[in-house]
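Encoded as structure tokens, the structure appears first; notes follow it.
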Amino acid sequence: MFLEKPCIPIGHVDITEITKCLKQLPDSAWKANPYRQNTYAVHKQTESLVLYFKTDEFTESHDELLAAMQPLLAPIFARFAQYYGYSKLDIAKLMFAKLPSGCEIPEHRDSAPIFAKYHRVHVPIQTNDAIIFYLDHQAHHFKTGVMYDINNLGLHRVINPSSEDRIHLIFDARPVKRIHNASSHLFIMSPNNSGSSLVSAALSDCQKAITLPGEGHYIAGFAGPNPNRDNSHFVWSQFNTLNKLQTPAAYDWPAIRNLWANVATPQSEAARVFVEKSPCNIARMAMLAEEFDDATFLFLIRNPYAMFESVIRARRDLPDIATLAAQHVLWCFRQQQENLQQCKNPYLLIRYEDICDSPAATAQTIRKFMPEFEDIDFIPPRWIKGQKSALKNRNAAQIARLTDNERHIAEACFQPHEDLFARFGYPV
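Note that the UniProt record's numbering has the sequence shown beginning at 1, numbered continuously upward.
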């Protein structure tokens, strides 16, 4: 993980029992798993005692040794979590690394994407002042029994010119980012007035859903921007609200996760998928992917003219609302296209029209995407925005309400971008 400093000394920890345990192991234990040495050339002179190792491709563990070491390591993990204020830890790598006498680790950076997400923590178990750990060309002499968080994304190198082996406990850790131990977090990525309430209501009736009492950004205490504070709801992309929504520093994600966890409701004891539907999610997809473990995305889109009419009807209090609404719809389509191009997490794209006109087929598509929602059913009438409504495609009725002038404004905005709308199946 990138740090502002080459390393952060966290403090002393008790390694007495760990040291005793390591001394009892045969030398062959250090050579049993050469994956790190064979995979990373810079570590070919090292030896490793791997307890747990997770990459983007696979996970392996030494269960017997891990079980023996866990009680000894727990206080170290607890101190690390305490230092940073983390409630639970996600450990990606856990090992003891030996750099034999007279050997070195050449200068390098840890470049795999997973390294950017986790703290790289070292605890020297056996070392001496002759051993030099270079971080960004600065020489450091790490002390036995002191825990260090290092910037492994920067250049680093280790030289052991001494007559004894250097042994470090190394682990990669970050806070667990889950709501109610959810196995995954499903974010409905939908512009406002495009059917997100309909989808959310159907998902909320599923037994394996964990749901909020409303849109997450409108829950009291939400530690981030929301359109109501700027009076920009329904057309927030046309106000400074958008800049706030896309600024990571505007959010306190640990506080948001805690808030949502406190008000979320599992629909059954088997509930395992957290569902959230704030329309502003389309402006912060990358943040959601980073701040929630196992994030998945359900993209939703709707006929631009129907969306346009809904926005006008909702915000007639604003001057020149037709122009604002048209520009907002155009921005939302552009943003959805960008999100789909950049999304690296599992995702599915559906349309409002698919739900209304082919509810059974669309439900089956969602089941294939997320088998946890095996009981999803769009057909039963549901309470949507304060009234109980049967499933119905409302596009034609809404578009018919547009005045000639409103229609002209929308066409003038949309038609120069007909290729964009056509990609989603909408002629303009």
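Yeah, the Cβ is synthetic: ideal placement off N, Cα and C, and Gly gets one too.
In the DSSP assignment, TRP331 falls within the unbroken alpha helix (DSSP H) covering 321 to 342. In this structure, LEU153 lies near ASP110, with their beta-carbon atoms less than 8 Å apart. Secondary structure of GLU4 (DSSP, three-state): coil.
If only uninterrupted beta strand (DSSP E) runs of at least 3 residues are considered, those enclosed by the region 71 to 112 are 89 to 99 and 104 to 108. For secondary structure counted as the beta strand (DSSP E) over 3 or more consecutive residues, the region 294 to 324 holds these complete runs in sequence order: 295 to 301. Residue pairing by DSSP puts GLN138 in a beta bridge opposite LEU135. For LEU318, the CB contacts under 8 Å within the same chain, skipping 5 residues up- and downstream, are VAL235 and LEU324 in chain order. Annotated three-state conformation of GLN126 is strand, per DSSP. With contacts defined as CB atoms closer than 8 Å, ALA326 and ALA270 fail to qualify as a contacting pair. In this structure, the CA atom of TYR218 is about 16 Å from the CA atom of PRO191. Under the three-state reduction of DSSP, ALA361 is assigned to helix.
With respect to the C-alpha of ASN395, the residue from ALA41, LYS244 and PHE308 having the closest C-alpha is PHE308.
Shown here, HIS417 sits in a helix according to DSSP, grouped into three states. Counting along the chain, the unbroken alpha helix (DSSP H) around PRO254 starts and ends at 253 to 263. Ranked by how close their Cα comes to the Cα of ALA223, the residues ASN345, LEU22 and THR247 have THR247 in first place. Judged by pairs of C-beta atoms under 8 Å, the region 398 to 414 touches the region 299 to 314, as three or more such pairs exist. Annotated three-state conformation of VAL121 is strand, per DSSP. Taking 8 Å as the cut-off, the beta carbon of LEU420 is found closer than this to the beta carbon of GLN337. Look at VAL235 here: in three-state DSSP terms it is coil, with no helix or strand label.
About 7 Å separates the beta carbons of GLN45 and GLU104, which is inside the 8 Å limit, making them a contact pair.
Shown here, TYR148 sits in a strand according to DSSP, grouped into three states.
In this structure the region 29 to 36 does not lie against the region 139 to 154, because fewer than three pairs of beta carbons, one per stretch, are closer than 8 Å.
Per DSSP, reduced to three states, the secondary structure at ALA250 is helical. Per DSSP, VAL158 is not a residue of any alpha helix (DSSP H); the beta strand (DSSP E) it occupies stretches across 156 to 159. Put simply, the backbone Cα of ASN181 is about 43 Å away from that of ASN160. DSSP lists SER61 and LEU94 as the beta-bridge partner residues of TYR52.
Remark: C-beta atoms of ILE15 and ASP149 do not approach each other more closely than 8 Å. Judged by their CB atoms, LYS93 and TYR35 are not nearer to each other than the 8 Å cut-off.
Per the Cβ contact rule, the region 227 to 241 is not in contact with the region 396 to 409 (fewer than 3 Cβ pairs under 8 Å). Taking the C-beta atoms as reference points, ALA202 is found nearer than 8 Å to PHE378.
Out of TYR352, ARG174, PHE58 and SER61, the CA that lies nearest to the CA of ILE188 is found in TYR352.
In this structure, LEU330 keeps its C-beta atom at 8 Å or more from the C-beta atom of GLU276. Rounded to whole angstroms, the separation of the alpha carbons of ALA173 and PHE299 is 31 Å. For LYS385, the closest of LEU66, SER200, LEU25 and SER184 by C-alpha to C-alpha distance is SER200. The secondary-structure analysis by DSSP pairs ASP172 across a beta bridge with LYS93 and ARG120. Under the DSSP assignment, MET287 falls in the alpha helix (DSSP H) whose first and last residues are 285 to 291.
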